[in-house]
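Let me begin by presenting the structure, written as structure tokens, before commenting on it.
There are 2 protein chains.
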Amino acid sequence: MEIENAVPITWRFSQRAAQMQSSFIREILKITQRPEIISFAGGLPSPDTFPVEQMKAAFDTVLTNSGKVALQYGPTDGFPPLREWIANSLSTAGCTIAPEQVLMTSGSQQALDLIGKVLIDEGSRVLVETPSYLGALQAFSVYRPQFASVATDDDGLVPGSIEKVAIGARMLYALPNFQNPTGRSLSIPRRRELVETCARHNLPLIEDDPYGALSYKGEPFPKMLNMNPGGVIYMGSFSKVLTPGIRLGYVVAPLPLVRRLELAKQAADLHTAQLTQMVVHEVIKDGFLERHIPTIRALYANQCQAMLDALAACFPAGVSWTKPEGGMFIWVTLPKHIDTMKLLDHSIAERVAFVPGAPFYANEAETNTLRLSFVTVSPERIREGIAILGKLIAALM
Amino acid sequence: MEIENAVPITWRFSQRAAQMQSSFIREILKITQRPEIISFAGGLPSPDTFPVEQMKAAFDTVLTNSGKVALQYGPTDGFPPLREWIANSLSTAGCTIAPEQVLMTSGSQQALDLIGKVLIDEGSRVLVETPSYLGALQAFSVYRPQFASVATDDDGLVPGSIEKVAIGARMLYALPNFQNPTGRSLSIPRRRELVETCARHNLPLIEDDPYGALSYKGEPFPKMLNMNPGGVIYMGSFSKVLTPGIRLGYVVAPLPLVRRLELAKQAADLHTAQLTQMVVHEVIKDGFLERHIPTIRALYANQCQAMLDALAACFPAGVSWTKPEGGMFIWVTLPKHIDTMKLLDHSIAERVAFVPGAPFYANEAETNTLRLSFVTVSPERIREGIAILGKLIAALM
Numbered sequence: 083m084e085i086e087n088a089v090p091i092t093w094r095f096s097q098r099a100a101q102m103q104s105s106f107i108r109e110i111l112k113i114t115q116r117p118e119i120i121s122f123a124g125g126l127p128s129p130d131t132f133p134v135e136q137m138k139a140a141f142d143t144v145l146t147n148s149g150k151v152a153l154q155y156g157p158t159d160g161f162p163p164l165r166e167w168i169a170n171s172l173s174t175a176g177c178t179i180a181p182e183q184v185l186m187t188s189g190s191q192q193a194l195d196l197i198g199k200v201l202i203d204e205g206s207r208v209l210v211e212t213p214s215y216l217g218a219l220q221a222f223s224v225y226r227p228q229f230a231s232v233a234t235d236d237d238g239l240v241p242g243s244i245e246k247v248a249i250g251a252r253m254l255y256a257l258p259n260f261q262n263p264t265g266r267s268l269s270i271p272r273r274r275e276l277v278e279t280c281a282r283h284n285l286p287l288i289e290d291d292p293y294g295a296l297s298y299k300g301e302p303f304p305k306m307l308n309m310n311p312g313g314v315i316y317m318g319s320f321s322k323v324l325t326p327g328i329r330l331g332y333v334v335a336p337l338p339l340v341r342r343l344e345l346a347k348q349a350a351d352l353h354t355a356q357l358t359q360m361v362v363h364e365v366i367k368d369g370f371l372e373r374h375i376p377t378i379r380a381l382y383a384n385q386c387q388a389m390l391d392a393l394a395a396c397f398p399a400g401v402s403w404t405k406p407e408g409g410m411f412i413w414v415t416l417p418k419h420i421d422t423m424k425l426l427d428h429s430i431a432e433r434v435a436f437v438p439g440a441p442f443y444a445n446e447a448e449t450n451t452l453r454l455s456f457v458t459v460s461p462e463r464i465r466e467g468i469a470i471l472g473k474l475i476a477a478l479m
Numbered sequence: 083m084e085i086e087n088a089v090p091i092t093w094r095f096s097q098r099a100a101q102m103q104s105s106f107i108r109e110i111l112k113i114t115q116r117p118e119i120i121s122f123a124g125g126l127p128s129p130d131t132f133p134v135e136q137m138k139a140a141f142d143t144v145l146t147n148s149g150k151v152a153l154q155y156g157p158t159d160g161f162p163p164l165r166e167w168i169a170n171s172l173s174t175a176g177c178t179i180a181p182e183q184v185l186m187t188s189g190s191q192q193a194l195d196l197i198g199k200v201l202i203d204e205g206s207r208v209l210v211e212t213p214s215y216l217g218a219l220q221a222f223s224v225y226r227p228q229f230a231s232v233a234t235d236d237d238g239l240v241p242g243s244i245e246k247v248a249i250g251a252r253m254l255y256a257l258p259n260f261q262n263p264t265g266r267s268l269s270i271p272r273r274r275e276l277v278e279t280c281a282r283h284n285l286p287l288i289e290d291d292p293y294g295a296l297s298y299k300g301e302p303f304p305k306m307l308n309m310n311p312g313g314v315i316y317m318g319s320f321s322k323v324l325t326p327g328i329r330l331g332y333v334v335a336p337l338p339l340v341r342r343l344e345l346a347k348q349a350a351d352l353h354t355a356q357l358t359q360m361v362v363h364e365v366i367k368d369g370f371l372e373r374h375i376p377t378i379r380a381l382y383a384n385q386c387q388a389m390l391d392a393l394a395a396c397f398p399a400g401v402s403w404t405k406p407e408g409g410m411f412i413w414v415t416l417p418k419h420i421d422t423m424k425l426l427d428h429s430i431a432e433r434v435a436f437v438p439g440a441p442f443y444a445n446e447a448e449t450n451t452l453r454l455s456f457v458t459v460s461p462e463r464i465r466e467g468i469a470i471l472g473k474l475i476a477a478l479m
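One line per chain: the protein sequences are P and A, in this order. So for the first sequence, the numbering used here puts the first residue at 83; every next one is plus one. So for the second sequence, the numbering used here puts the first residue at 83; every next one is plus one.
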């Protein structure tokens, strides 16, 4: 059957593909899935929080009542009742979000890709936090921007620091609530200042918010979307409050932009599964998340506290870490001379994994940082793992 | 809450976004979904073929047995047992396809996007059939190639016609089986000739095959993939043999390319829903498609024959059309002076819809062509609609 002169292609990739790199985190995850490893490396939510029975019942209901619609091609912008639910959930007394502003996406990673596609030309300046979310850096990098790293501190991004780099930039990407990787949040006064600064510079502000609902105190931060709905692009996800494996997120943007994002999505994958959207709507439409999210908060708050206690007990002086009030991550800063990439080698040999901080920097990396996730590890294993890590760090100091 | 100087952004889109256009077909579909319209415009499979009960049972089984795995993040390349099933289904006595060559995608539209991302630079030459699949033109256009249109006739693409444009081109995109939009198939001798010509020019050959299983005689064409697995990129889909709304397709490529496509997918949407992949595997693993596909073929063959009979009875002399032996479409060529865009206005006023041919051409369009789909319309309505269309065409001649 095969032709006689069958020779493998000598591939010529596009310039954007030639520079693509695998996520370092995904590479680490392959190593750390062995059960004997105590892994603080994952960014996965705890499967104990997945509402399997509710999902099963909803699949049954939707397929029984509307099987042929749910399994047919659907609209690119999404399932209308779910878009309406999202618009309502984001509207406040002073700021109404319209369902037409909502575009459903295949996870919020797809929203990052679509935003990059529609706003970034080669060489466009894109402002990101220092450090920033790795998945966003990866998604935007495909379109070959120049990243400008914006200063951050314990109150999050420093709005004044964007003045110098905002002129001519295409967008600012921020993750203001319980940031990945640092666990930090942007203070409320800074939110207003940031929104105002961006508006003054005609700079689109991307507010990525996968963790906002996971505030341990149960009081979510105000959204920048509601402070300037004509200038903020908001991204949300069902991954952390329901389940990530269904791949369902959304982006909310002013109409001129959301229509472009919709065109980009049409070319990228036509639409996100109707069935998935109908099932999620079926699960959440009667207030399920209001009962469910507090159980996730309680679980994560408990494990976060266990890790903070263990860090205080086991890590040597000279090491500092963030104290998150929500979300899934703690960020650790070691003395300057310790390279956490090298520490990881020692650590894996001792059956403990984490993610070194360097990949989270768009420009110059602080190689003495690392990210710890506590959500999939029991308090006992957290104490055990942090003790091992503390000894390794002490030995290097 | 809103800031005082809230002003809407003046948007500056990327060059690729500034040129994006909505699919003309999707625009037509919005008009033609009114129940009184006899629509031959859709590219949707018939919902009568969706195995709703089997899907429902499989969701229940997978969520019961492996709910927490199915709902968690999963690998970018896909669910291993499904990739293995696909590799087996594409392997022949002389040509083994490895599971590692299979990348699961969010519908085969995503495979088009990823291929464009990884192989096309601005200005790259991309060879396409005349006419070609609109969704592919849309997906590739995002990356701003120069399309070279390759000649076709009733035996499909004319391999000799690529010689002049193959040198320096990045890829050739072909839909060899029951093509969308023409319903034509590439003859077997031409398949070998095309594969050889592409291999000689080191030109990646994309074999898009959503309809191959829908051969009315039940004898699928040989795949070009198996003639030169080192040079052919094969795309498949569950949309036409199972259900499109779940958005599940796949691309099979030589390892150096499939690894790049996987990196591009990681940045684009991390992975395709595990649950969907596990459910599809659950449905098909024991030979379901071998029993199911013949029922789709029989339904479509019957409706295709009804349309061919109606065309012969109702369309005036001077009009010609293809006689597909599979798939979902018939392609009609009217006398040169009739513009099918204008015909559509008349036709919709008479409650009949079709898709004008012009959008399917990458370069100069033949404006006297149109596409008819018969798969979602009953034989009675097919006869009624074709009679109305025949009268309108006769009046213009």
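Built from N, CA and C at the ideal position, the CB exists for glycine as well. Only a predicted model underlies this, so the values are computations on that prediction, with no experimental measurement involved.
{"Query": "Nearest candidate by alpha-carbon position, reference A/Ser319, set A/Arg329, A/Gly156 and A/Ser105", "Result": "A/Arg329"}
{"Query": "Element boundaries [alpha helix (DSSP H), containing A/Tyr316]", "Result": "No alpha helix (DSSP H) contains A/Tyr316, which is instead part of the beta strand (DSSP E) from Val314 to Ser319."}
{"Query": "Touch test, the stretch 289-307 of chain A against the stretch 261-280 of chain A, Cβ-Cβ under 8 Å, three pairs minimum", "Result": "yes"}
{"Query": "The stretch 122-141 of chain P: positions lying closer than 7 Å to chain A by Cβ", "Result": "Leu126, Pro129, Phe132, Val134, Met137, Lys138 and Phe141"}
{"Query": "Chain-order list of residues whose beta-carbon lies under 8 Å from that of A/Arg463 (same chain, five-residue window excluded)", "Result": "Ile120"}
{"Query": "N-terminal and C-terminal residue of the alpha helix (DSSP H) that P/Ala230 is part of", "Result": "No alpha helix (DSSP H) contains P/Ala230, which is instead part of the beta strand (DSSP E) from Gln228 to Val232."}
{"Query": "is_contact[P/Ala233, chain A] using C-beta, thresh 8 Å", "Result": "no"}
{"Query": "Beta carbon proximity, A/Glu368 to chain P, threshold 8 Å", "Result": "Note that residue 368 of chain A is Asp in the sequence shown, not Glu. So no, A/Asp368 is outside the interface."}
{"Query": "Contact between the stretch 283-296 of chain A and the stretch 242-257 of chain A (3+ Cβ pairs under 8 Å)", "Result": "yes"}
{"Query": "Beta carbon proximity, P/Arg274 to chain A, threshold 8 Å", "Result": "yes"}
{"Query": "Local conformation of A/Pro438 per DSSP, three classes", "Result": "strand"}
{"Query": "Cross-strand partners of P/Cys177 (DSSP beta bridge)", "Result": "P/Thr174"}
{"Query": "Exposed unless 16 or more other CB atoms sit within 10 angstroms - verdict on P/Thr264", "Result": "buried"}
{"Query": "Proximity winner among A/Ala248, A/Val457 and A/Gly331, relative to A/Thr377 (alpha-carbon distances)", "Result": "A/Val457"}
{"Query": "Environment of P/Asn262 [buried if 16+ CB atoms lie within 10 Å]", "Result": "buried"}
{"Query": "Delimiting residues of the beta strand (DSSP E) encompassing A/Glu289", "Result": "Leu287 to Asp290"}
{"Query": "A/Phe222 in three-state terms, based on DSSP", "Result": "helix"}
{"Query": "Within 8 Å of chain A by C-beta, residues of the stretch 88-101 of chain P in sequence order", "Result": "Ala88, Val89, Pro90, Ile91, Thr92, Trp93, Arg94, Phe95, Ser96, Gln97, Arg98 and Ala99"}
{"Query": "Rounded separation between A/Trp93 and A/Lys112 - CA only", "Result": "27 Å"}
{"Query": "Chain P contacts made by the stretch 153-175 of chain A, where a contact means CB separation under 9 Å", "Result": "Leu153, Gln154, Tyr155, Gly156, Pro157, Thr158, Thr174 and Ala175"}
{"Query": "According to DSSP, residues forming a beta bridge with A/Gly408", "Result": "A/Ser297"}
{"Query": "Residue range of the beta strand (DSSP E) that includes A/Thr187", "Result": "Val184 to Thr187"}
{"Query": "Cβ-Cβ separation, P/Ile202 to A/Ser223 (assumed contact under 8 Å), whole Å", "Result": "Rounded, the Cβ-Cβ distance is 17 Å, inconsistent with contact."}
{"Query": "Below-8 Å beta-carbon distance, P/Val184 vs any chain A residue", "Result": "no"}
{"Query": "Cβ-Cβ separation, P/Gly439 to A/Pro90 (assumed contact under 8 Å), whole Å", "Result": "The pair is not a contact, with the Cβ atoms about 37 Å apart (cut-off 8 Å)."}
{"Query": "Residue(s) in a DSSP beta bridge with A/Leu454", "Result": "A/Ile412"}
{"Query": "Proximal residues of chain P, C-beta to C-beta of A/Asp203 below 7 Å", "Result": "Ser96 and Gln97"}
{"Query": "Rounded separation between A/Pro213 and P/Ser128 - CA only", "Result": "50 Å"}
{"Query": "Limits of the unbroken beta strand (DSSP E) element including P/Tyr332", "Result": "Gly331 to Val334"}
{"Query": "Inter-residue spacing [alpha-carbon to alpha-carbon] between P/Glu84 and A/Arg274", "Result": "9 Å"}
{"Query": "Buried/exposed call for A/Met405, threshold 16 Cβ in 10 Å", "Result": "According to the sequence provided, residue 405 of chain A is Lys. The question's Met does not apply to it. Its Cβ having fewer than 16 others within 10 Å, A/Lys405 is exposed."}
{"Query": "Buried versus exposed call for A/Ser460 [16 or more other C-beta atoms within 10 Å across all chains shown]", "Result": "exposed"}
{"Query": "Coil, strand or helix - A/Ala253 by DSSP", "Result": "Here the sequence assigns Met to residue 253 of chain A, which means Ala is not the residue at that position. Strand at A/Met253."}
{"Query": "Terminal residues of the beta strand (DSSP E) in which A/Glu211 lies", "Result": "Arg207 to Glu211"}
{"Query": "Beta-bridge pairing of P/Ser121 - partner residues as DSSP gives them", "Result": "P/Ala435"}
{"Query": "Terminal residues of the alpha helix (DSSP H) in which P/Glu84 lies", "Result": "P/Glu84 -> no alpha helix (DSSP H), and no H or E assigned at all."}
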